[in-house]
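Contents: one structure, followed by commentary.
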Amino acid sequence: MTTSPAPVLSVQGLTTELRTERGRFNAVDGVSFDLWPGEVLGIVGESGCGKSMTALSILGLVPQPPGRVVAGRVLFEGRDLLQLPERELQRIRGAKIAMIFQEPMTSLNPVFTVGEQILETLRQHERLGRRAARDRAIELLAKVGIPSPAERLESYPHELSGGMRQRVMIAIALACNPKVLLADEPTTALDVTIQAQILDLLERLQAELGMAVVLITHDLGIVAEFAHRVLVMYAGRVIEEGPVEAIFEAPAHPYTRGLLESLPDPESDRERLQVIPGSVPQLGELGPGCRFAPRCALAGPACRQADPPLARAGARAVACFRAELATPPVERVA
Ligand SMILES: Nc1ncnc2c1ncn2[C@@H]1O[C@H](COP(=O)(O)OP(=O)(O)OP(=O)(O)O)[C@@H](O)[C@H]1O
Ligand SMILES: [Mg+2]
Numbered sequence: 030m031t032t033s034p035a036p037v038l039s040v041q042g043l044t045t046e047l048r049t050e051r052g053r054f055n056a057v058d059g060v061s062f063d064l065w066p067g068e069v070l071g072i073v074g075e076s077g078c079g080k081s082m083t084a085l086s087i088l089g090l091v092p093q094p095p096g097r098v099v100a101g102r103v104l105f106e107g108r109d110l111l112q113l114p115e116r117e118l119q120r121i122r123g124a125k126i127a128m129i130f131q132e133p134m135t136s137l138n139p140v141f142t143v144g145e146q147i148l149e150t151l152r153q154h155e156r157l158g159r160r161a162a163r164d165r166a167i168e169l170l171a172k173v174g175i176p177s178p179a180e181r182l183e184s185y186p187h188e189l190s191g192g193m194r195q196r197v198m199i200a201i202a203l204a205c206n207p208k209v210l211l212a213d214e215p216t217t218a219l220d221v222t223i224q225a226q227i228l229d230l231l232e233r234l235q236a237e238l239g240m241a242v243v244l245i246t247h248d249l250g251i252v253a254e255f256a257h258r259v260l261v262m263y264a265g266r267v268i269e270e271g272p273v274e275a276i277f278e279a280p281a282h283p284y285t286r287g288l289l290e291s292l293p294d295p296e297s298d299r300e301r302l303q304v305i306p307g308s309v310p311q312l313g314e315l316g317p318g319c320r321f322a323p324r325c326a327l328a329g330p331a332c333r334q335a336d337p338p339l340a341r342a343g344a345r346a347v348a349c350f351r352a353e354l355a356t357p358p359v360e361r362v363a
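First residue of the sequence shown? That's 30 in the working numbering, and the numbers climb one at a time after it.
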């Protein structure tokens, strides 16, 4: 008999409030998901929908003020990370749960060499002698495809290209063999060819090390290529969830459909011009109905009266009164 595996990370009802001059609102509003061992879970949505805030909330890194996690649980190895004292959280963060961010946010420290920065992470989390730590640092740089790794230990960040710097960030993230990697727009700051190289690297390392990855991106093309499952967020909420193939084949939420229609068409050289009209609402100004209703071509009176709950059907979930959940695919006869 096989027992079904437990999720490595289980996020339940995560809610993060922001207090700004514009008022008080939940930048993350009741977000729930399970992350399974070895999976790549994409989180996608337009700018401002709460993707980064979700990652920061999981790790206890929400800037306070203006933010505060006000509800929810983040279960990891039998404990709720939201209840842990900062000291305990520090032991997990960067070690068992590692993160890489879009470069401008957490670029490397310019005054320390690459080697010093990797060794610092190893020193914080692992008991290694000097020699062993240096060997491990070289091994890590080699693993992320940095040529002449021993020499690169002496380099300062400004001596490296953007792509190489991001490889160093990945080496640091992997230093302690994390179970979970949170990657927030890990390639947005890079040009397209380098982007593809870094994503291929992440994919290879993910398979090799068997870690689970949360890949945050505004780019559905990246999700299509690298994620197994996807959460679509809109205005702080998860509005659709499911296996990537199923969602691309038959998106159930009008917002997801809109995102897919705005993707460039691989069959033609031109970008598709279909773009979702309007923009993400200011979260201070939400009415009682569906948050997407003001932009939705299908919205009816019910959609303006109540916020649709996330309804599950098998591996998929959608929060829409108008969605017709895709029926199970008909078996193809050869
Ligand atoms: N430090 C902050 N102060 C005030 N508001 C903030 C702060 N950080 C984020 N917000 C707001 O919280 C909401 C969610 O932001 P978040 O950064 O999580 O979005 P995102 O989905 O990661 O967007 P992007 O794709 O642009 O990275 C937005 O309305 C944003 O304006
Ligand atoms: Mg972000």
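All residues carry an ideal CB built from backbone N, CA and C; glycine is no exception.
Please report the residue range of the alpha helix (DSSP H) in which residue i lies.
i	result
Ile147	143-154
Val197	191-203
Gly318	Unbroken run through Gly318: none, as it is neither H nor E.
Arg286	283-290
Met128	Segment 126-130 is the beta strand (DSSP E) holding Met128; no alpha helix (DSSP H) there.
Met82	80-87
Val221	221-238
Ala322	Here Ala322 belongs to no alpha helix (DSSP H), and DSSP marks it neither H nor E.
Arg122	Per DSSP, Arg122 belongs to no alpha helix (DSSP H) and is neither H nor E.
Ala346	Element bounds for Ala346: not the alpha helix (DSSP H) but the beta strand (DSSP E), 345-347.
Gln334	330-334
Gly250	249-255
Going by CA-CA distance only, name the one from the options that's closest to residue i.
i	options	result
Ser61	Leu339, Arg160, Ala352, Gly307	Leu339
Arg351	Gly316, Ile268, Glu290	Ile268
Ile199	Arg160, Ile72, Thr150	Thr150
Pro306	Leu118, Gly144, Gly287	Gly287
Phe255	Ala264, Gly316, Leu244, Val261	Leu244
Arg102	Leu113, Gly191, Gly96, Pro95	Leu113
Arg181	Ala236, Lys172, Leu47, Ile167	Ile167
Leu315	Thr44, Phe130, Arg48, Asn55	Asn55
Met240	Glu115, Leu70, Pro215	Leu70
Gly74	Leu289, Pro337, Ala328	Leu289
Leu249	Val273, Pro215, Thr83	Val273
Val242	Arg51, Leu47, Ala84, Val261	Ala84
Asn206	Arg165, Leu110, Arg266	Arg165
Ile126	Gln93, Glu117, Arg160, Val209	Val209
Ala100	Pro139, Leu47, Gly52, Asp220	Leu47
Ser81	Thr246, Phe277, Arg152, Asp220	Thr246
Ala281	Ala218, Leu327, Thr49, Leu228	Leu327
Ala212	Glu155, Asp63, His154, Gly123	Gly123
Pro186	Val143, Glu155, Ala225	Val143
Ser184	Ile147, Thr217, Glu155, Ile223	Ile147
Val197	Phe130, Ala236, Val261, Arg160	Phe130
Gly107	Glu188, Ala35, Tyr263, Arg163	Ala35
Tyr263	Ile201, Ala331, Ser308	Ser308
Gln153	Leu43, Ile201, Asn138, Arg320	Ile201
Glu115	Phe277, Glu188, Gly89, Arg163	Gly89
Asn138	Pro330, Pro310, Pro323, Glu188	Glu188
Leu170	Gly42, Met193, Arg159, Glu155	Met193
Ala322	Tyr284, Met128, Glu237, Ala346	Tyr284
Leu238	Ala275, Lys172, Pro337	Lys172
For the beta strand (DSSP E) containing residue i, name the first residue and the last one.
i	result
Gln41	38-49
Phe54	52-64
Glu269	266-272
Asp213	209-213
Arg102	96-105
Ala342	340-342
Ile245	241-246
Ile72	69-73
Leu260	258-263
So is residue i in contact with chain C if we call contact Cβ pairs under 7 Å?
i	result
Leu189	Absent from the structure is chain C; it holds one protein chain and no more.
If residue i sits next to residue j, beta carbons under 8 Å apart, how far is it from one beta carbon to the other, in whole angstroms?
i	j	result
Ala335	Gly318	6 Å
Leu230	Gly174	6 Å
Leu234	Leu203	7 Å
Gln402	Pro215	Residue 402 cannot be examined here, being either before or after the span of the chain that is shown, 30 to 363.
Val40	Pro66	With a Cβ gap of about 15 Å, Val40 and Pro66 do not count as contacting.
Phe141	Ile121	Not a contact, Cβ separation roughly 23 Å.
Ile87	Leu118	With a Cβ gap of about 11 Å, Ile87 and Leu118 do not count as contacting.
Val57	Gly77	About 12 Å; that fails the 8 Å criterion.
Gly271	Ala344	6 Å
Arg258	Glu68	6 Å
Query raised in the report: Counting by C-beta, which residues lie closer than 6 Å to a heavy atom of ligand 1, in chain order?
Result: Leu47, Thr49, Ala56, Gly74, Ser76, Gly77, Cys78, Gly79, Lys80, Ser81, Met82, Pro92, Pro95, His247, Leu312
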